[in-house]
Amino acid sequence: MTVVDDRVAATSDRTDRAGRVGDSPVRPDGAAKVRGEFAFASDMGVENMLWGCTLRSPHPHAGIRSIPIGPALAIPGVVAVLTAEDLVGTPVYGLISADQPVLASDVVRYVGEAVALVAADHPDTARKAAAAIAVEYEPLPRLTDPAAALDPATPAIHPDGNVIRRMAVEHGDSGAGAGTVVVEGTYEVGTQDQAFLGPEAGLAVPDGEGGVDLWIATQWLHHDRDQVASCLGLAPEDVRLHLGGVGGAFGAREDISLQVHACLLALRTGRPVKMSYPRDESFVGHVHRHPARMRYRHHAGGDGRLVKVEAEILLDGGAYASSSWAVVANAARFAAGPYRVPNVVVDAAVVRTNNPPCGAMRGFGAVQVCFAHEAQMDKLAAVLRIDPVELRLRNALASGDVLPTGQTITGTAPVRECIEAAAALPLPAPAQPESDEWLALPGGVGRTADPRRVRRGVGFAVGYKNLMYSEGFDDDSEARVRLEGGVATVACAVAEVGQGFVTLAGQIVRTVLGGARAVIAPADTTSVGSAGSTSASRQTWMSGGAVLLACQDVASQVLAAHAERRGVPVQALRLTEDGRIVGAGADGGDIDLTVAEAAGPDLFEATAVHRHQRTVPLDDRGQGDADVSFVFAAHRAVVDVDVDLGLVRVVQITTGQDVGRVLHPTQLMGQIEGGIAQGLGLAVMEELVVDDGVIRNPSFTDYLLPTIADMPEVLATCIEQPEPGAPLGAKGVGEPPTISSTAAIAAAIRAATGVDVTRVPVRPWDLI
Amino acid sequence: MTAEVQTPYELTVNGRPRLVEDALPTESLLFVLRERLGLPGSKNACEQGECGSCSVLVDGVLVCACLELAGATVGCEITTVEGLGKAASNGNGESDPLDLPDMLSDVQRAMVEAGGVQCGFCTPGFVVAIHDLLARNPAPGPLAVREALAGNLCRCTGYGRILAAIQSVVDARTDDARTDDARTDDATTDDGRAVDVRVDGSRTS
Amino acid sequence: MTVLTPQRLDGALAALAEDPSLSVVAGGTDLMVDVNAGRRRPRALLSLRHVGELRTWRRAGDQLVIGAGVTYAHLLDPRLAALAPALAQAARTVGSPQIRNTGTIGGNLATASPAGDTLPVLAALDAVVDLASAEGRRAVRLDDFVTGPKANALQPGELIVAVRIPVIAGPQEYLKIGVRNAMVIAVASCALVVDWSHRQLGCAFGSVGPRAMRDRRAESWLASEIDWHARRARSTTVAERFGRWMSETVSPIDDHRATAAYRREATAVLARRAVERVLA
């Protein structure tokens, strides 16, 4: 197991202030990662281990008549083959509602649904054995059109029905809008995949007494544990989850994938079982971003001020519900964009189909509606002949404004500042590539470009979403800090997926417990309570907050103990902002030492649970104080387009992002650039092509991620208005870069080509 | 004359002879490194040559280990990420974490310090590819860097900090003073003013 | 199950003669993808990695003889690139540096994909493929070697040993459309080679039909529209008309990468631009 130790951070000479909040200390697991010694879940292995493999449905919708496992069992090296008949616990699971079978028994509802499991002594043997199981399927009519799924006449493909959630957000006067300028549009967002590089992987080790330990790459250890225990029919304490190194997540690891499967095989065989998905299996092994169809109508006065926004939103949730309930609520709440809109009518639905299941992906519903509402704003700007940036400034939300849900923004809302900052950053120089600098032209080293046929366009977009969970979800995070002999050990079950929480935890320790060295204990379900999910841009606020509270508690204990040792009242001493204890000594002299020095060799420990303020569910008109906090970002994109071939090169992206407070400048820039890369992917190259329920491109050959040669220059200005109620004043930073970057690129493409781009990703033939 | 590769066979990895036993002849070099030789540093993000996470050097040439038939690399010099930087102290490939910072190559150190590492899954492949690039071209221009690393995907970083890391290595190796350091990390305020945080800003291409 | 690693060509051919069912692997960039995915499980493999003779090239008078084991990276070598510029341009677009370092021109020929990047260049140059077996050698025109999508004329026991193309005096262009700046399979591609000395040209298109496509009538027409002395087109509409002609000749399909209609339009644009560049 990779130990995450602060001496690695402290020995870096990058900063002489030993890496407190606001500095950019190196991440403590970085050295192991660059040496290839960091243990990802897919790297783990033990003696006597078996390899697990999953047999999956080739049909989008079919009945199962039989699953003949005999031929698989007969293959030498195969130790176990399991089907739904072998399940002893709850046979279904799910993030919000438990609607998905652990293993299909009588019906499969999407291509890739798990049907049987094999354990063997070599991964290729397991795969061969799975292929030897000739399941008898009876294909059923497939429901692949989300509009048909909305129709009550369409037969239900699941006992819970075809409509997962339909909801309204109605604010103001739905009849308002007379005498206004109206622009309409229909927009589409294709299916994006999170495509984390580290494949789904886990190692399940039975403990010989009916329980099991699972090392797993995931986003929420405790929620996984609860689902796994339920499905195994075990008590939670008999199922212990440990975080295996995670190779990225972006929402795709919120749902469980192989967790129950690996444990089932381990408990059946009595041996450790490792499962690691190859890439093509990964594409069907996790949920995707909801594809969306949206119809909008914007009404505005002649001065550009929005009067009413109407939107019909249809998300395709695929075969199982996952987090669709919450994704559609996001789409509905943020449908109008970060603007003052007195009248809003939104009808949003997420439906069940036999397409691949969809769920959480960075941006979570706000990405899709942002593409639509920003396209609408540009249409309005064109009709009214108002500059697109000016139009947005005129309508920008501010702190104190009322949202379409009726909630008032009580925190910060620097929308104007974000827009102005993104617009103020310098534009790139005009394209003047030297000969053979093909990479500086659309089409790259394919040498297709004719510079005379390249047009440059600039586009702008703004977006927002919630931080933390919503609609009354009571979220919390627990952390324990233990200071002894100058070493502060942090136990917090946060799933580090690359975002850098392990770095932040150390920064908090070194800030509050001055002089202490931080050690971040490995994350598991037994040492400490739940830290909640690494999602919704919530960990800095929730778990950073828990670590902060625990550190502050420890510091107070140290102060009290030191006061007693020095014979002064507690009130004579105080804690400084840089982790020192200062005050007047009994003899009139000064006391000034670090918390660590004051603690000496003694043990101090504190456990803290951090909660956020209450939220409430939305009523049937979508009204309610459903969110804790909001975060905003603006993007400007510059693109060059070969107008005869429809090939796009993104030249530059600038952003103004609302961050509350910069906690780690380098890691923050990494989140911005990484999120913008995903936004760029959705704009011009990333799409799961689903054809009548079948994914046509489940591989990196044809699901195209941006390479280093596709990424533009990124310039960022971070707006710091500390958020009241946020620990450290900081807002989450992971999602905002993905929300409006896609829309900005689409806007730039429209500007360059004059084509009314109404769909992302934009394909070359959309532009010619 | 024809040479038959039977199991067991011997591969030369990071300068040492390593015996491979009980291997299926169809196993890739990546599989053998990870599952038989205890060298899991090279990663298996796609196993089809489309991501570069398994990048290694075979006879000094940058290739994807997933596309190399292990049995065909007998007689070649194979270098993995574990062979860069200083060797692990205990011979089992495990380093004492406290010693790690002193055991990094300049490329490895730069990747960590510039923020080029997030989840880390692409990182070993990048480290090997960057070492290879700079060994062949000590001062590559911005487009040349991008073309040389276009076979290494990263899903977390957006490549900006990786490019910054490479530039810092190039600069340090050529002993140039860095004159255009755009870092302003002390410009924090608490009165709500916008702050420009351009951290070692990405280079214009 | 075995892996054979001969050091010499005659050893490889002898092994193949003894067991024609051996799966031959050079760079592995096609075969190993299938092996890793479990789609192919070769019983026995013949690796050409160590057969040095296949990894060389030489100029023989007006011919360039390129060994089947020459990698895409090797095709980018300036000395070779100077003699076969379009081949170097095509090689630069293949995959990634990792792929280019190990993938071979022989592999590109053997796989015979409709999207194979070197194939339009070889087609435009009227390449000849040299095959060998334990029984002897034969030369096959490219047109006869690639028989259809992913189909070639290799007989059991045969290996590709080299491909021969003419060294010609004149400009060469290769253009390839992909949605991303690296690691893309061609959506459409065009190779145009012009021979000033013989007043001839060849123009082939990839990914717009089952094999690289030429239209020799169109080429003759284009040749007749060139002022060979001045090395320019006789009129300003020649390039565009040639592009239109080719867009009607090709037979692209719809697939998950692109539409047939786009490929057809792209053919017209690529052809026009290639012609404009060589006659500039």
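Protein chains in written order, with the numbering used here: chain L, 26 to 793; chain E, 127 to 331; chain U, 694 to 973. Think of the CB as a built atom: it goes at the ideal place given N, C-alpha and C, for glycine as much as any other residue.
Checklist entry - So, is Val143/L buried or exposed, given that buried needs 16 or more other C-beta atoms within 10 angstroms? => result Its Cβ being crowded by 16 or more others within 10 Å, Val143/L is buried.
Checklist entry - Which of the three DSSP states, helix, strand or coil, is assigned to Cys395/L? => result helix
Item to check | Contact list for the stretch 235-258 of chain E against chain U, Cβ threshold 7 Å | outcome: none
Checklist entry - Near Glu161/L, which residues of its chain fall below 6 Å by C-beta distance, leaving aside the five closest residues on each side in sequence? => result Arg90, Ser91
Next on the checklist: Bridge partners for Cys180/E per DSSP, in chain order?
Outcome noted: Its beta-bridge partners do not exist; DSSP assigns none.
Next on the checklist: In whole angstroms, give me the CA-to-CA distance for Gly685/L and Gly235/L.
Outcome noted: Here the alpha carbons of Gly235/L and Gly685/L stand approximately 48 Å from one another.
Next on the checklist: Alpha carbons only, please: which of Arg167/L, Ala772/L, Phe655/L is nearest the one belonging to Val709/L?
Outcome noted: Ala772/L
Item to check | Continuous beta strand (DSSP E) stretch holding Asn874/U: start and end | outcome: Taken as a continuous stretch (DSSP letters only), Asn874/U belongs to no beta strand (DSSP E), as it is neither H nor E.
Next on the checklist: What residue range does the beta strand (DSSP E) around Trp790/L cover?
Outcome noted: Where Trp790/L is concerned, there is no enclosing beta strand (DSSP E), given that its DSSP letter is neither H nor E.
Item to check | Contact belief for Phe485/L with Ala769/L at Cβ below 8 Å, rounded distance in angstroms | outcome: 6 Å
Item to check | Stretch-stretch touch, CB-based, cutoff 8 Å, three pairs: the stretch 405-418 of chain L with the stretch 374-386 of chain L | outcome: no
Checklist entry - For Lys212/E, is the classification buried or exposed, using 16 other Cβ atoms within 10 angstroms of its Cβ as the cut-off for buried? => result Exposed: under 16 other Cβ atoms inside 10 Å.
Next on the checklist: Applying the 10 Å Cβ sphere with the 16-neighbour rule, what's the burial state of Ala159/L?
Outcome noted: exposed
Checklist entry - Glu163/L to Leu80/L, Cα distance in whole Å? => result 17 Å
Checklist entry - Can you find a CB in chain E that lies within less than 8 Å of the CB of Ile701/L? => result yes
Checklist entry - Roughly how far, in whole angstroms, is the beta-carbon of Arg793/U from the beta-carbon of Glu866/U, given that I think they are within contact range, below 8 Å? => result Rounded, the Cβ-Cβ distance is 20 Å, inconsistent with contact.
Checklist entry - Based on the DSSP output, what are the partners of His323/L in its beta bridges? => result Val208/L, Val334/L
Checklist entry - Which one of Val427/L, Gly431/L, Ala423/L, Gln432/L has the shortest CA to CA distance from Glu442/L? => result Ala423/L
Next on the checklist: Taking only three categories from DSSP, how would you classify Val943/U?
Outcome noted: coil
Item to check | Residues that Pro151/E contacts on chain U, provided the C-beta gap is smaller than 7 Å | outcome: Met694, Thr695, Val696, Leu738
Next on the checklist: Three or more C-beta pairs under 8 Å: does that hold for the stretch 361-371 of chain L against the stretch 165-172 of chain L?
Outcome noted: no
Checklist entry - Cβ of Val758/L within 7 Å of any heavy atom in the ligand NAD? => result Inclusion of the ligand NAD in the displayed structure is not the case, the ligand content being empty and no account of it being possible.
Checklist entry - Nearest-angstrom Cα distance between Gln791/U and Thr300/E? => result 26 Å
Item to check | Run of the alpha helix (DSSP H) containing Cys883/U, from where it starts to where it stops | outcome: Looking at the DSSP string, Cys883/U is not in any alpha helix (DSSP H); the run it does join, the beta strand (DSSP E), is 881-888.
Checklist entry - What does Val962/U reach in chain L if we use C-beta pairs closer than 7 Å? => result Asp669, Leu670
Item to check | Through-space distance from Ala149/E to Val158/E, alpha-carbon basis | outcome: 8 Å
Checklist entry - Taking only beta-carbon atoms, is Glu163/L less than 8 Å away from chain E? => result no
Checklist entry - Helix or strand or just coil, what does DSSP make of Cys192/E? => result helix
Checklist entry - Can you list the residues of chain E that Ala875/U reaches, using a CB-CB cut of under 8 Å? => result Glu273, Ala276, Gly277
Checklist entry - Who are the neighbours of Leu269/E on chain L, taking C-beta pairs under 8 Å? => result Glu462, Leu464, Ala465
Checklist entry - Is the number of C-beta pairs between the stretch 913-924 of chain U and the stretch 817-830 of chain U that are closer than 8 Å three or more? => result no
Item to check | Unbroken alpha helix (DSSP H) run spanning Arg299/E, endpoints | outcome: 286-300
Checklist entry - Listed in chain order, which residues of the stretch 291-312 of chain L have Cβ atoms closer than 8 Å to some Cβ of chain U? => result Answer set for the stretch 291-312 of chain L: Pro303, Asp305.
Item to check | Start-to-end residues for the alpha helix (DSSP H) that takes in Gly570/L | outcome: 564-591
Checklist entry - What span of residues does the alpha helix (DSSP H) with Asp232/E cover, start to end? => result 232-239
Item to check | Between the CA atoms of Ala884/U and Pro813/U - distance to the nearest angstrom | outcome: Spanning the two alpha carbons is a distance of roughly 6 Å.
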